[in-house]
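Going down the list, the protein sequences come from chains A and B.
For the first sequence, our numbering begins at 245 and goes up steadily by one.
For the second sequence, our numbering begins at 35 and goes up steadily by one.
By construction, the Cβ of each residue, glycine as well, lies at the ideal position given by its N, Cα and C atoms.
All figures in this text were calculated on a predicted structure; none of them were measured in a lab.
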Amino acid sequence: MNNITKKLLETVADMFGAPKGAYNIREDGQCAGRQSTEHIVIEPKKDKPGINIIIDSAAQGETVYIPACVTHSGVDDLVYNDFYVHKNADVVIVAGCGVHTDGEEDAQHNGIHRFFIEENARVKYMEKHIGIGEGTGNRIINPETYIEMAENSYMEMDTVQIEGVDSTKRTSAAVLQSGASLMIKEKIMTHGSQIAETNFVVDLNGEDSGANLISRSIAKEQSRQLFRSRINGNAHCHGHSECDAIIMDKGIVSAIPELTANHVDASLIHEAAIGKIAGEQITKLMTLGLTEEEAEEKIIEGFLK
Amino acid sequence: MLKLNNISFCADAEKEILKNINMTVENGRFLVITGPNGGGKSTLAKVIAGIETPSSGTILLDGKDITNESITARAKAGISFAFQQPVRFKGITVRDMIQMAAQQPLSDQQISSYLWSVGLCAKEYLDREVNAELSGGEMKRVEIAGVMAKQTKLAIFDEPEAGIDLWSFKNLIDIFQNMRERMDGSIIVISHQERILEIADEIMVLSGGEITVQGKRQEILPQLLKAEGDCQFCAKKERGCCE
Numbered sequence: 245m246n247n248i249t250k251k252l253l254e255t256v257a258d259m260f261g262a263p264k265g266a267y268n269i270r271e272d273g274q275c276a277g278r279q280s281t282e283h284i285v286i287e288p289k290k291d292k293p294g295i296n297i298i299i300d301s302a303a304q305g306e307t308v309y310i311p312a313c314v315t316h317s318g319v320d321d322l323v324y325n326d327f328y329v330h331k332n333a334d335v336v337i338v339a340g341c342g343v344h345t346d347g348e349e350d351a352q353h354n355g356i357h358r359f360f361i362e363e364n365a366r367v368k369y370m371e372k373h374i375g376i377g378e379g380t381g382n383r384i385i386n387p388e389t390y391i392e393m394a395e396n397s398y399m400e401m402d403t404v405q406i407e408g409v410d411s412t413k414r415t416s417a418a419v420l421q422s423g424a425s426l427m428i429k430e431k432i433m434t435h436g437s438q439i440a441e442t443n444f445v446v447d448l449n450g451e452d453s454g455a456n457l458i459s460r461s462i463a464k465e466q467s468r469q470l471f472r473s474r475i476n477g478n479a480h481c482h483g484h485s486e487c488d489a490i491i492m493d494k495g496i497v498s499a500i501p502e503l504t505a506n507h508v509d510a511s512l513i514h515e516a517a518i519g520k521i522a523g524e525q526i527t528k529l530m531t532l533g534l535t536e537e538e539a540e541e542k543i544i545e546g547f548l549k
Numbered sequence: 035m036l037k038l039n040n041i042s043f044c045a046d047a048e049k050e051i052l053k054n055i056n057m058t059v060e061n062g063r064f065l066v067i068t069g070p071n072g073g074g075k076s077t078l079a080k081v082i083a084g085i086e087t088p089s090s091g092t093i094l095l096d097g098k099d100i101t102n103e104s105i106t107a108r109a110k111a112g113i114s115f116a117f118q119q120p121v122r123f124k125g126i127t128v129r130d131m132i133q134m135a136a137q138q139p140l141s142d143q144q145i146s147s148y149l150w151s152v153g154l155c156a157k158e159y160l161d162r163e164v165n166a167e168l169s170g171g172e173m174k175r176v177e178i179a180g181v182m183a184k185q186t187k188l189a190i191f192d193e194p195e196a197g198i199d200l201w202s203f204k205n206l207i208d209i210f211q212n213m214r215e216r217m218d219g220s221i222i223v224i225s226h227q228e229r230i231l232e233i234a235d236e237i238m239v240l241s242g243g244e245i246t247v248q249g250k251r252q253e254i255l256p257q258l259l260k261a262e263g264d265c266q267f268c269a270k271k272e273r274g275c276c277e
């Protein structure tokens, strides 16, 4: 593992050295470290780049780390990771991706993650993305996430793009069976001429299934963001999506929600609010003694917390 | 001590909201500014806090001219301001808000004591965001707790009673009395409420952008509490016609 990877891992996965428990570290398309445990087995795929992560029912409260790093320009990494979460398992998955450029060529990571979550299993999935480096090539991260949730399973997905990613196209699709519950929280900050596109598609197929998609984003300078969410209510279910965005400078944010109720008992809601930081918010914090810049920072920090 | 000399404020070329205001608030005094809606009370409070800039005149705090100082500089100099409509923030908790107001690290116990004094059960509120999770009355109480946490020479409250329930209102009177006893500085409250007028040291009536009445509570309050049925602020025989 090189020093850039070590630095990226500290940021995207809070990893300082090899973690306890199961992990797989991917560096520039290669495995830089792997460990399985009694209840979490990680094995390489035979037909394409990537790994299978098999989490058995006895895994209770365990954490598995699956970060990926691209450490120099000219790397175009593509990986397929499949997570098989068995009945009743309860697991935390820390993914995360860091991309570093040092030259004119782009550095890119495309991570395709599929989750097969069995009955009553619980998954917390955390994913941070960051771009660093002095190179002029673009830092690109395109994550795709496909989720199949069986009866009464639960998944919480926290995804954060901190800074430095020039282009990202994030696709998440989920299919939920009866009683399954999905919570996705996305936080994105873009600046410069960065572009971020998010696409959520959720099919609520089972009775009493529910999904809650929450996106908070900040677009600074000339950056552009597009948020698309599509929730299909195909049974007695609850779906909610929310897009809150702050625009600054010449930032542009588009929110395109789509709700389709294919069942009379489907209850679907979308909320979207896009605008600059309210002047009264800045004023209020200034009356507490913060400068205008400090107030703005505090508001952004809170908004993305 | 706060001193305003010939303060005027124009919203535009044609509309003068404050006209030549002269006032002094000595340290340790409790001033209630009252008067009809649209009379310029909130604007005057904002001018003192630096949120609005006067068209003319000077503002002195403890002898120092702060007329051209920013909101931040005035806050650091010891002016605190509780908004009539507290501002909501996503992601900022009650704990963050009180901590920022105090401008120094506070323990949860210290923050809790401020929340208790405004009638909020601290454990339930510390981690709650100051956004739509809180009702208008709760927001108001957090706003007041923030002013209490700030070491202040001059605390300004813009209609603190607006939007709070009867229990909280009674509590509010106690809070002001406690503040008056505990703090070295002065308190300015903008209010229509008789109960608040009753605890003032001084009362000022602002109407049409001008000070129409100003003086000690003992002298002014009886004038305002004229025979039932009369307006408190003008000569008309209709109580509350100016509100």
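#1: Please compile the residues from chain D whose C-beta is within a distance smaller than 7 Å of the C-beta of THR527 (chain A).
#2: Quick one: does GLN144 (chain B) have its CB under 8 Å from some CB of chain A?
#3: Any idea what DSSP makes of PHE228 (chain A), helix, strand or coil?
#4: Could you tell me the alpha carbon to alpha carbon distance between THR527 (chain A) and ILE105 (chain B), rounded to whole angstroms?
#5: State the start and end residues of the unbroken alpha helix (DSSP H) segment that holds PRO88 (chain B).
#6: From CYS341 (chain A) to GLU407 (chain A), what distance separates their C-alpha atoms?
#7: In terms of residues, what are the limits of the alpha helix (DSSP H) holding LEU426 (chain A)?
#8: Excluding the five sequence neighbours on either side, which residues of its own chain have a C-beta within less than 7 Å of the C-beta of ALA539 (chain A), listed in chain order?
#9: With a CB to CB cut of under 8 Å and the five nearest residues on each side skipped, what residues in its chain are close to GLU282 (chain A)?
#10: Counting pairs of beta carbons, one from the stretch 113-123 of chain B and one from the stretch 145-154 of chain B, are three or more of them closer than 8 Å?
#11: Tell me whether the beta-carbon of LYS75 (chain B) lies closer than 8 Å to the beta-carbon of ILE198 (chain B).
#12: Anything in chain B within Cβ reach of ILE406 (chain A), meaning under 9 Å, just list it in chain order.
#13: Any beta-carbon of chain B closer than 8 Å to the one on MET530 (chain A)?
#14: Buried or exposed: where does GLY523 (chain A) fall if 16 or more other Cβ atoms within 10 Å of its Cβ makes it buried?
#15: Would you please verify whether the beta carbon of LYS98 (chain B) is less than 8 Å from any beta carbon of chain A?
#16: Distance check for HIS435 (chain A) and MET492 (chain A), CA to CA, integer angstroms please.
#17: Measuring only the C-alpha atoms, how far is VAL152 (chain B) from SER169 (chain B)?
#18: Pop quiz: TYR267 (chain A) and TYR328 (chain A) are said to be a contact at Cβ under 8 Å. What is the actual Cβ separation, rounded to whole angstroms?
#19: Note down, one range per segment and in chain order, each beta strand (DSSP E) of at least 3 residues found wholly within the stretch 453-518 of chain A.
#20: DSSP on ILE310 (chain A), reduced to helix/strand/coil?
#21: Measure the CB-CB distance between LEU420 (chain A) and ASN449 (chain A) and report whether it falls below 8 Å.
#22: Hey, does GLU524 (chain A) have any beta-carbon neighbour from chain B nearer than 8 Å?
#23: Based on the DSSP secondary-structure assignment, which residues constitute the bridge partners of TYR328 (chain A)?
#24: Comparing alpha-carbon positions, which option in B:GLU253, B:GLU236 and B:ILE254 lies nearest VAL66 (chain B)?
#25: Just the Cα atoms here: how many angstroms apart are VAL176 (chain B) and ASP300 (chain A)?
#26: Specify the secondary structure class of ARG122 (chain B) as computed by DSSP and reduced to three states.
#27: In terms of DSSP beta bridges, what is PRO288 (chain A) paired with?
#28: Three-state secondary structure (DSSP) at GLY523 (chain A)?
#29: What are the residues of the stretch 311-340 of chain A that lie near chain B, defined by any Cβ-Cβ distance shorter than 9 Å?
#30: Any idea what DSSP makes of PHE260 (chain A), helix, strand or coil?
Let's see:
#1: No chain D is part of this structure, whose protein chains are labelled A and B.
#2: GLN144 (chain B) has a beta carbon lying at 8 Å or more from every beta carbon in chain A.
#3: Given that chain A is displayed from residue 245 to residue 549, the structure contains no residue 228 (chain A) and the question cannot be resolved.
#4: Their Cα atoms are separated by approximately 8 Å.
#5: Neither: PRO88 (chain B) is in no alpha helix (DSSP H) and is coded neither H nor E.
#6: Their backbone Cα atoms lie some 12 Å apart in a straight line.
#7: Counting along the chain, no alpha helix (DSSP H) covers LEU426 (chain A); the unbroken beta strand (DSSP E) around it starts and ends at 425-434.
#8: These residues qualify, in order along the chain: ILE526, LEU529 and MET530.
#9: Result list for GLU282 (chain A): ALA302, in chain order.
#10: Flag = no, the stretch 113-123 of chain B and the stretch 145-154 of chain B do not touch.
#11: For the pair LYS75 (chain B) and ILE198 (chain B), the CB atoms are not nearer than the 8 Å cut-off.
#12: By Cβ distance, chain B contributes nothing, its closest Cβ being about 16 Å from ILE406 (chain A), past 9 Å.
#13: A Cβ of chain B is located within less than 8 Å of the beta carbon of MET530 (chain A).
#14: It is exposed - the Cβ of GLY523 (chain A) has fewer than 16 other Cβ atoms within 10 Å.
#15: Not a single C-beta of chain A is nearer than 8 Å to the C-beta of LYS98 (chain B).
#16: Cα to Cα, MET492 (chain A) sits roughly 9 Å from HIS435 (chain A).
#17: Straight through space, the alpha carbons of SER169 (chain B) and VAL152 (chain B) are spaced by roughly 14 Å.
#18: 17 Å between Cβ atoms; not a contact.
#19: 453-463, 468-477, 481-491 and 496-505, all fully within the stretch 453-518 of chain A.
#20: Reduced to three states, the DSSP call for ILE310 (chain A) is coil.
#21: Cβ distance < 8 Å, so LEU420 (chain A) and ASN449 (chain A) count as in contact.
#22: Yes, contact with chain B.
#23: Under DSSP, the beta-bridge partners assigned to TYR328 (chain A) are A:ILE298 and A:PHE360.
#24: Taking only the C-alpha atoms, the option nearest VAL66 (chain B) is B:GLU236.
#25: About 48 Å.
#26: Coil.
#27: In the DSSP output, where bridge partners are listed per residue, PRO288 (chain A) has A:ILE295.
#28: Helix, per DSSP.
#29: Under the 9 Å Cβ criterion, the stretch 311-340 of chain A contributes no residue.
#30: Here PHE260 (chain A) carries a coil assignment [DSSP, helix/strand/coil].
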